[in-house]
Amino acid sequence: MVETKLLDAEEYRRLCDYLYRHTGMSFTETRRYFVERRVEERMIATGSSSFASYFSRLRTNMQGELEKLINASTVNETYFYREDHQFACLTANLLQERLRVKLPGETMRIWSAPCSTGEEPYSIAIWLLENWAEVDAHDVEIVGSDIDTNVLEAARAGIFGKRALMRLSPALADKYFTPAGPEHWQIIDELRQSVRFTAANIVERAETRPHGLFDVIFCRNLLIYFDDASRRVAAENLYESLAPGGYICLGHAESMSRISSLFEVCRFADAIVYRRPPEAPHG
Amino acid sequence: MPLIRKESDKAAAGVSRATLPSLGSASVDERWAAARAARDPAAIPSLGEALAHEADTRVREAIFTALAQIATPESALTLLPYLRVDDANTRTGAMDALRAMQDACRPYLPGLLTDTDPDVRLLACDLVREVGGADGPSWLCALIETEPEVNVCAAAVEALGEIADASAERSLSHCAERFPDDPFLGFAIKVIAERLRRLPLAARG
Amino acid sequence: MADRKMRILVVDDANLVRLYYRQILEEADFEVEEALNGLEALERLLVSPADALIVDINMPRMDGVTFLRALRRQALPLSSIPALVTSTESSATDVEAARVAGANFYCAKPIGREDLARIMAMFCGAPQ
């Protein structure tokens, strides 16, 4: 039976240190309970009788344990309005900042990469329509990209189950979805037609460049899975895909500080985001 | 409906494909593009040359990434001199790149651990921790038996804490005996020895 | 007299160094936060400012000097947080670079226990 106080303070810090160095995920004391529960799951799954033996296993990456722990820690499920504090930041701050430097009539371009089965880019679309007062005054282009063509197919079809909609109010669900069989809903045609989905590997420059420059990029819970060298390349690709002064949002626990020093950190009321500096155009 | 969709967007900004970007160009954008495009081992000499002169931190970062991605012993060799430079930013950039290239820098680690510059030896301990492989613990144990600089010993002890097992204990206590008055080293060795003692016997790091 | 504990952010790549400082400072009744490099430190400070900093020069991603420069460019209160810079090297270039970047104090490693507590108390304006 695994005890509730699984890790002492020092062990917790060492684990966080290890995760940070190897994935860029940043956990602080406030996330202790969450991290301990994930470690507990993995200790049971691997039959580890002590944290020391589990940690050894993690450090040698026995049977891909690092990825398993990352998966457990990112709550891999995708759903509408996930981490919506970043969407709040988008409409409260990021779009306004971008508008200040964009030319009149210039399209606002937003990238969701990876987009998985489409919840994120469609969420952005719904959020903008619902929360951005100026939404009718500007052209907005939303692009969703993923390396996995199967999920892209699903994203284009736009059919979702109950769990995906769990954070949406009934009013929103009614407004933007139509029933598509028992326990399934399809996003309305207008939104399906308004998001463009492309296949792209973020680590491959040849695949990211053709997308042009974006004002805002959402790249959540992807960089943590890469090795150091690939992560650097991906960060540079994302940098190049941002307009100077453009913003990038990572996953909730991720920190660009471990990944790349190309970006500036910006603190807004709703979120910490990163920005390509306005004065340094590169590519 | 303000949400628009463009079927194809070839608006890739940047350098035209007609001319190959040069690492020596006067234009920062061109040097960035050149560094980003350099993926072939044949580019190593130009990358090394560019690194010696590059003042823009972002281009330098891209050059480090290129060398890290190429990840051959030759690309590691190109980075080694940058462990000695005055500028902390460049030193840490070189360290990051060496860490990212994993096996490729391993052949050089024993040499770095016996470098005449204690600061280089210190950085080498951190590299051993990340990319030292199976020999890492024995290299570090050997180091702490004779290393004269207390800060280098401390770095080695820290690294041993991550990669060694209880067999490192003898070397750790020898080291503690050599520096009886240093409070930090004493503290570090005590913590690490205790931690290694608690490791399950089956785990060999 | 402040009601809350003074918060020190320790910025150093080495786990053991951070642990060592933590023990000394917690014993002297400070609250301790940690960061592994300058970028992480900046992020932490943006979320919750500290009363004083201990910053190592040699850290990955963003070294101590670059960090201090970036910190001093921020708005108050971040730009005026007192910072102790530490290094295993004691070259005059490093000390000068640190001073110019905005260090308030420079110490060669390893720092003695009493010195550390005393300097932090001085930075935080606490009675000694």
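Chains as they are written, first to last, in numbering that gives the first Met the number 0: chain D, 0 to 282; chain F, 0 to 204; chain B, 0 to 127. Here a beta-carbon is modelled for each residue, glycine too, at the ideal position from N, C-alpha and C. In this text the structure is predicted, and so the values were computed from the model without any measurement.
Asked	Found
Reference Asp-7(D), options Arg-230(D), His-21(D), Glu-28(D), Gly-23(D), closest by Cα	Glu-28(D)
Residue closest to Ile-162(F), alpha-carbon to alpha-carbon, out of Ser-172(F), Trp-138(F), Glu-176(F)	Trp-138(F)
Rounded C-alpha distance that separates Gln-85(D) from Ile-123(D)	10 Å
Under 9 Å (Cβ pairs) to chain D, residues found in the segment 26–47 of chain B	Glu-32, Glu-33, Ala-34, Leu-35, Asn-36, Gly-37, Leu-38, Glu-39, Ala-40, Leu-41, Glu-42, Arg-43, Leu-45, Val-46
The segment 79–95 of chain D in contact with the segment 264–273 of chain D per 3-pair CB rule at 8 Å	yes
Cβ pair count under 8 Å reaching 3, the segment 149–168 of chain F against the segment 179–193 of chain F	yes
Beta-carbon spacing of Asp-55(B), Asp-114(B) below 8 Å	no
Limits of the beta strand (DSSP E) - the one that Arg-195(D) falls within	194–198
Beta-carbon proximity of Asp-50(B) to Ile-7(B), cut-off 8 Å	yes
Presumed contact (8 Å Cβ cut-off) between Ala-87(F) and Cys-124(F), rounded CB distance	17 Å between Cβ atoms; not a contact.
Where the segment 221–254 of chain D meets chain F: residues whose CB sits under 9 Å from a CB there	Asp-226, Asp-227, Ala-228, Ser-229, Arg-230, Arg-231, Val-232, Ala-234, Glu-235, Asn-236, Tyr-238, Glu-239, Ala-242
Check whether Arg-60(B) and Ser-229(D) have beta carbons under 8 Å apart	no
Cβ distance (whole Å) where Glu-35(D) is taken to contact Leu-57(D) below 8 Å	At roughly 14 Å, the Cβ-Cβ gap does not stay under 8 Å, so Glu-35(D) and Leu-57(D) are not in contact.
Length of the line joining the Cα atoms of Val-189(F) and Arg-128(F)	The sequence shown places Lys at residue 189(F), rather than the Val named in the question. Near 19 Å, if we compare the C-alpha coordinates of Arg-128(F) and Lys-189(F).
Alpha-carbon to alpha-carbon, Arg-108(D) and Asp-102(F)	40 Å
8 Å Cβ cut-off: residues of chain B touching Val-190(F)	Leu-15, Leu-18
In DSSP terms, what Glu-33(B) is bridged to	Val-9(B)
Same chain, Cβ closer than 8 Å to Asp-116(F), five either side skipped, listed in chain order	Arg-83
Rounded separation between Ser-115(D) and Ile-191(F) - CA only	43 Å
Cut-off 7 Å between Cβ atoms - residues of its own chain near Ala-75(F), not counting five sequence neighbours on either side	Leu-97, Met-100, Ala-103, Cys-104, Tyr-107
Rounded C-alpha distance that separates Leu-111(F) from Ile-125(D)	56 Å
Reference Met-58(B); option with closest CA among Asn-14(B), Leu-18(B), Gly-101(B), Glu-26(B)	Asn-14(B)
Any chain D beta carbon closer than 8 Å to Met-100(F)	yes
Contact set between the segment 256–272 of chain D and chain F, restricted to residues whose Cβ is under 7 Å from the partner	Ser-260, Leu-261
8 Å Cβ shell around Thr-197(D) - same chain, five flanking residues per side excluded	Val-142, Gly-143, Ser-144, Leu-151, His-210
Beta-carbon proximity of Ala-165(F) to Arg-196(F), cut-off 8 Å	yes
Contacting positions in the segment 48–61 of chain B - beta carbon closer than 9 Å to chain D	Pro-59, Arg-60, Met-61
Stretch pair the segment 204–220 of chain D + the segment 229–248 of chain D: three plus CB contacts closer than 8 Å	yes
DSSP three-state assignment for Glu-239(D), whether helix, strand or coil	helix
Residues that Pro-192(D) contacts on chain F, provided the C-beta gap is smaller than 7 Å	Before going further, note that residue 192(D) is Gln rather than Pro in the sequence given. The contacting residues are Arg-4.
C-alpha gap between Ala-11(F) and Ala-87(D), whole angstroms	Annotation note: pLDDT 44 at Ala-11(F) (below 50); position unreliable, coordinate value reported separately. Taking the straight line from one Cα to the other gives about 29 Å.
Where Gly-160(D) falls, given that 16 or more other Cβ within 10 Å makes a residue buried	exposed
Inter-residue CB distance, Val-139(D) and Leu-2(F) (contact presumed, cutoff 8 Å)	5 Å
Sub-8 Å separation of His-173(F) and Glu-193(F) beta-carbons	no
Contact set between Ile-141(D) and chain F, taken where Cβ atoms lie within less than 7 Å	Leu-2
Buried or exposed (CB count within 10 angstroms, at least 16 for buried), Asn-220(D)	buried
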